[in-house]
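Residue 75 in our numbering sits at position 88 of the sequence shown, and the numbers go up by one each step.
Note that CB positions come from ideal geometry on N, CA and C, so glycine has one too.
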Amino acid sequence: MEEKKETEKISTEGYEPEVIAFCCYYCAFAAADMAGSLRLNYPANVKIIRIPCTGKLDVIYILKAFENGADAVFVAGCLEGNCHYLEGNIRAKKRVMSLKKMLEEIGIEPERLEMFNMSSSMGFAFAEAAKEMTERARKLGRNPVFVKKDGDSSEKNIA
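Written as C-alpha cells, this is what we have:
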C-alpha cells in the first residue's frame, strides 16, 4: 500500500496541469487579450482556443480535450443577455451542465469542467478563471483518462 503512495508522489512531482480554455471570439477571447495587455498574471499552462461562439461548441470537442490530456477545461463566453449570437452562451451553459453530469457518471470529476461568462473588458475575470481552473486541476491531480509518459508516448487508463 505504501509503495503505491510513493509512486503517486513521484508521478505528480513537478506536475503542472494542462488547462484548455474555449473562448468566444467577441468577449472571452478579447478579455484574455485584455488580461495580456494589462500584464495580468495567469498560468502559462492555460491554452486558449478561440471559437466564434460558445453556442457552437459541441460537447465532443470538450471530451476530446480530456481524451487528449487536458486536466481541466473551461468554456468562457459572453455575459448572459449579451451574446453576439443571441443565446449561444445560454446553450453552452446548458451543454456544460449536462456534460458535468455525464463526466461524473463515467468517473471523471465534474469540477474539471466549468463555464464562465465575461465581457471583453473583463481581463481580470479571465485571469481569475484561468487561475481558478489551474488550481482546481492541481488539487484534483492528473486527468484519470490520460496519463502522459516521458517523451512522446502516452498511455490511456481504461479503469
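Buried or exposed by the 16-neighbour rule on C-beta atoms within 10 Å, applied to residue i
i    : result
N28  : exposed
Y2   : exposed
S85  : exposed
V6   : buried
D58  : buried
L90  : buried
V62  : buried
G64  : buried
S107 : buried
Alpha-carbon to alpha-carbon, residue j and residue i
i    : j    : result
P4   : R129 : 7 Å
K81  : Y12  : 19 Å
F53  : L25  : 30 Å
K43  : L50  : 15 Å
M120 : P30  : 10 Å
V60  : L66  : 19 Å
Y72  : E101 : 21 Å
V46  : V83  : 8 Å
F103 : A116 : 7 Å
E98  : K34  : 18 Å
Y48  : T41  : 11 Å
Beta-bridge pairing of residue i - partner residues as DSSP gives them
i    : result
C65  : DSSP lists no partner for C65.
C40  : Note: C40 sits in no beta bridge, so no partner.
N104 : G64
A8   : I35, F61
Cβ-Cβ separation, residue j to residue i (assumed contact under 8 Å), whole Å
i    : j    : result
F133 : N69  : That pair is no contact at about 35 Å.
A8   : G110 : Wrong, their Cβ atoms sit about 14 Å apart, outside the cutoff.
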